[in-house]
Amino acid sequence: METFGIEVANGQKITGRYCFPRANRTTSEKTARPLIVCMHGASYDSEYYDANADYSWSILANAFDIPIVSIDRPGYSGSTGVPDQNVLGDADTPTPTQRQAEYFNSKVIPRLWDEFWVKSGASSVVILGHSVGGIVAIQTAAAYATQKTSTYPLSGLIVSGVGCVPHQRPESQPNDQTSNGDKEKKDHESAESTEKPKSITFERTKKDFLMLDYTADKSPADLLINPDVLQLTERLNHPAPLAEVIDIGQLWRSYWRRETAKVNVPVFYAMNEVDPWFDSSGASVPMFAGSFTRSPKVVHSRIARAPHCMELSLQARGWMLQCGGFALECAVAFDLGNRKR
1 METFGIEVAN GQKITGRYCF PRANRTTSEK TARPLIVCMH GASYDSEYYD ANADYSWSIL
61 ANAFDIPIVS IDRPGYSGST GVPDQNVLGD ADTPTPTQRQ AEYFNSKVIP RLWDEFWVKS
121 GASSVVILGH SVGGIVAIQT AAAYATQKTS TYPLSGLIVS GVGCVPHQRP ESQPNDQTSN
181 GDKEKKDHES AESTEKPKSI TFERTKKDFL MLDYTADKSP ADLLINPDVL QLTERLNHPA
241 PLAEVIDIGQ LWRSYWRRET AKVNVPVFYA MNEVDPWFDS SGASVPMFAG SFTRSPKVVH
301 SRIARAPHCM ELSLQARGWM LQCGGFALEC AVAFDLGNRK R
């Protein structure tokens, strides 16, 4: 993928990378084509969707002529943070991810659309988000649905790595020596006691376990990844704003249903089978999918034998293809719907 950096507004900048295939536009100029805008999770950046030649989403872009943009969310790499990024908020006031979503809907995606829609050959936008990026994506689509006028054509939403039923004892705390309750209280007080953004950095071994379900004592038959992926951990590891980690771990459970109920575009929701934070068994996946009550179509799936970061797992290409197919369907349906207006 190629890297980019553009000014959004008032000195704010968004960075990332993109892949726009050079198809024969003489035969495909009028083809419905989605611009997939990818939002990474906590502790990663836009390189998550372009990790190396085997896991880059440029594979999907080039195979099916689907333009893809992977962005650095606020505070990551070269993207500037949003105001009050480290202020937690609560169920009744904006949380860190809600501020990001409002920023994406009102400033970033309209700017990306203005910058790239002609160059990419896209006819609409499909937002794709993973983990923290997933709840930002949901809330971006929710903000889009509730605004009076739209400045970009949103045709679909794809979300993974987030749910509605947290594990009772999540293995997500960055410091194993501190109890969950004490750590959460300390994090909350720390984030609210200063205006200066704070972050956490996952230790490599801990991150391999949480994100890839990898431990050194696992037999090859039990691995959900190609061992070569472990060489990417350090390069892909970035400090995560503490407030967004607390948001998904503590606040999300109090307001997720309110946000999903606003979304009015087709939704593809998938949950990886093996996850340290959210339950993917029983009724959890269909429960979350069922909360998108205004969406004209909701597809849900439980991806077998996939870890939290399934984009870096043995299921990576299968997941990539599913996303591409759904995005193409959304773009075609959106264009056909506009013909009737």
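Note that the UniProt record's numbering has the sequence shown beginning at 1, numbered continuously upward.
Ideal Cβ placement from N, Cα and C applies to all residues, glycine included.
| Asked | Found |
| --- | --- |
| Same chain, Cβ closer than 8 Å to ARG204, neighbours up to 5 away in sequence not counted | THR233, GLU234 and ASN237 |
| 7 Å Cβ cutoff met for MET39 and VAL136 | yes |
| Three-state class that DSSP yields for CYS309 in the structure shown | coil |
| Nearest-angstrom Cα separation, counted from TYR214 out to ALA306 | 12 Å |
| For ASP65, the three-state DSSP class (helix, strand or coil) | coil |
| Range of the contiguous alpha helix (DSSP H) that encloses residue 343 | Shown here, the chain extends from 1 to 341; a query on residue 343 therefore has no answer. |
| Boundaries (first-last residue) of the alpha helix (DSSP H) holding VAL139 | Per the sequence shown, the amino acid found at residue 139 is Gln instead of Val. Segment 132 to 146, the alpha helix (DSSP H) holding GLN139. |
| Cutoff 6 Å; reference HIS130; Cβ partners in own chain excluding five residues on either side | GLY41, SER160 and GLY161 |
| ASP54, DSSP secondary structure in three states | coil |
| ARG111 - partner residues in DSSP beta bridges | Per DSSP, none; premise fails for ARG111. |
| Where THR95 falls, given that 16 or more other Cβ within 10 Å makes a residue buried | buried |
| Cβ contact (3+ pairs, closer than 8 Å) linking the region 322 to 338 and the region 57 to 73 | yes |
| Assumed close pair GLU259, ILE68 - CB separation to whole angstroms, cut-off 8 Å | Between ILE68 and GLU259 the Cβ distance is about 25 Å, and since that is not below 8 Å, they are no contact. |
| In DSSP terms, what ARG17 is bridged to | THR3 and SER70 |
| Same chain only: Cβ atoms within 7 Å of PHE20, ignoring 5 sequence neighbours per side | PRO67, LYS119 and SER120 |
| Opposing strand residues paired with TYR269 [DSSP bridges] | VAL159 and HIS300 |
| For CYS38, the first and last residue of its enclosing beta strand (DSSP E) | 34 to 39 |
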